[in-house]
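Here's the structure, in structure tokens; my notes come after.
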Amino acid sequence: MEIASRPPGGTMPAINAPRPPTAGTTTAAQRTAAQNFEGQVLGALLQPMFAGLDSKGLFSGGPGEAQWRPMLVQEMGNAVARQGGLGLAESVLREMQRNSR
Numbered sequence: 301m302e303i304a305s306r307p308p309g310g311t312m313p314a315i316n317a318p319r320p321p322t323a324g325t326t327t328a329a330q331r332t333a334a335q336n337f338e339g340q341v342l343g344a345l346l347q348p349m350f351a352g353l354d355s356k357g358l359f360s361g362g363p364g365e366a367q368w369r370p371m372l373v374q375e376m377g378n379a380v381a382r383q384g385g386l387g388l389a390e391s392v393l394r395e396m397q398r399n400s401r
């Protein structure tokens, strides 16, 4: 039994062909990626600040707080990045644009 490696007609449909990126979408996608990267970095920098918090005190959230804390800290990093952050996203964006030329 032979399995055909090509679809009927011999060519791949045009819908699967890569499209050249437009300048506007490339810049927007690159900006989003750079901002997401900065959010990840800020989340990693904020994580040690919350690592030593006691989750058994009177005003703590208990075991649930310990489970949800990493996501909270990551969202704090993302929020800081959306508000301008450390400026890391702009540096990363410039590098991405320089390398995509």
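Oh and the sequence shown: position 56 is 356 in our numbering, straight run, nothing missing. The C-beta atom is built at its ideal place from N, Cα and C for all residues, glycine as well.
Contacts around residue i, its chain only, beta-carbon distance under 7 angstroms, and the 5 residues preceding and following it disregarded
{"i": "V380", "result": "L342"}
{"i": "Q373", "result": "According to the sequence shown, residue 373 is Val rather than Gln. Here the set comprises G343, L346, Q347 and F350."}
{"i": "N399", "result": "none"}
Close-in-space but distant-in-sequence residues of the same chain around residue i (CB under 6 angstroms, 5 per side omitted)
{"i": "E338", "result": "A381, G385, L388 and A389"}
Where the alpha helix (DSSP H) through residue i begins and ends
{"i": "S391", "result": "L388 to N399"}
Counted within 10 angstroms of its Cβ, other Cβ atoms place residue i as buried (16 or more) or exposed
{"i": "G377", "result": "buried"}
{"i": "A334", "result": "buried"}
Contacts around residue i, its chain only, beta-carbon distance under 8 angstroms, and the 5 residues preceding and following it disregarded
{"i": "R331", "result": "A389 and L393"}
TODO: Enumerate, from N- to C-terminal direction, the unbroken alpha helix (DSSP H) stretches of 4 or more residues contained entirely within the region 354 to 382.
DONE: 363 to 382
- [ ] Determine contact between the region 387 to 396 and the region 346 to 360, defined as no fewer than three beta-carbon pairs at a distance below 8 angstroms.
- [x] Under the Cβ criterion (8 angstroms, minimum of three pairs), the region 387 to 396 does not count as touching the region 346 to 360.
- [ ] Check whether the region 359 to 368 touches the region 380 to 390, counting contact only when three or more Cβ pairs, one atom from each stretch, lie closer than 8 angstroms.
- [x] no
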